[in-house]
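In this note's numbering, the protein residues as written are 315 to 485.
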C-alpha cells in the first residue's frame, strides 16, 4: 500500500508542477529564484537524461515500459530485504510513470516531450534542467544503492564476527 501511495503522490506532484511550468514559466521562459544559482526555466526535453536519444520517442516509450515491467517483475528480488523498500519503489515507479505520461501525451501523441523546469547553474555553467519525476528517480536509485551498501556491510560483519565461547570453556 505504501508503494501505491508514494507512486501516486509523486505522479500527482510531478504532473501538477509540470502543469504550473507550462502555465506560468513557459510564457516568460525563465523566472530567477536565487539569482546566479537557481531559476525556473521552461525546457522541453525530447530525449532521456541529458538529452540522450533525442527524437527517438517511440524507443524511449518502449524502453520505459520494459524497464517498469522489469522492475515490477523483479521487485521482490531487488527490494524486499532492504529497509525502506516501499519508499524506494514508490519513488522509482512514480518518477518513471510521471515522465512516461509526458512522453505519451505532451505534444503529438507518442511523440511528446518531457517538461523540465528546475534549472541550477553557476554563472554560465548550467546543470541540465530536470523535474520532480527525475528527482524522484534519482532519490529512489540513490536510496537503493545506499541500502544495498548498508546491507552488504551488515552481511560481512556477521560473517566475520567470531563466535562467542562460554567462560567455562576458556578456563
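Think of the CB as a built atom: it goes at the ideal place given N, C-alpha and C, for glycine as much as any other residue.
Identity of the residues DSSP links to residue i by a beta bridge
i: residue 346; result: 353
i: residue 395; result: In the DSSP output, where bridge partners are listed per residue, residue 395 has none listed.
i: residue 359; result: 428
Residue environment, residue i, which counts as buried when at least 16 other CB atoms sit within 10 Å
i: residue 444; result: buried
i: residue 448; result: buried
i: residue 383; result: exposed
i: residue 386; result: exposed
i: residue 391; result: exposed
i: residue 381; result: exposed
i: residue 437; result: exposed
i: residue 368; result: exposed
i: residue 337; result: exposed
i: residue 374; result: buried
The beta strand (DSSP E) enclosing residue i, as first and last residue numbers
i: residue 428; result: 428 to 436
Residue span of the alpha helix (DSSP H) that contains residue i, given as start and end
i: residue 444; result: First-last for residue 444: undefined, no H or E at that position.
i: residue 329; result: 316 to 334
i: residue 383; result: 371 to 387
Residue from the options whose Cα sits closest to the Cα of residue i
i: residue 395; options: 474, 468, 373; result: 468
i: residue 455; options: 429, 442, 439, 401; result: 401
i: residue 439; options: 472, 350, 367; result: 350
i: residue 397; options: 466, 365, 332; result: 466
i: residue 441; options: 352, 470, 406, 472; result: 352
i: residue 362; options: 451, 348, 340, 404; result: 451
i: residue 326; options: 343, 405, 346; result: 405
i: residue 328; options: 317, 411, 345, 347; result: 411
i: residue 453; options: 408, 370, 346, 371; result: 408
Taking 8 Å as the threshold, find out whether the stretch 415 to 434 comes into contact with the stretch 457 to 464 through three or more Cβ pairs. no
Pairs of beta-carbons, one from the stretch 350 to 370 and one from the stretch 423 to 437, closer than 8 Å: are there three or more? yes
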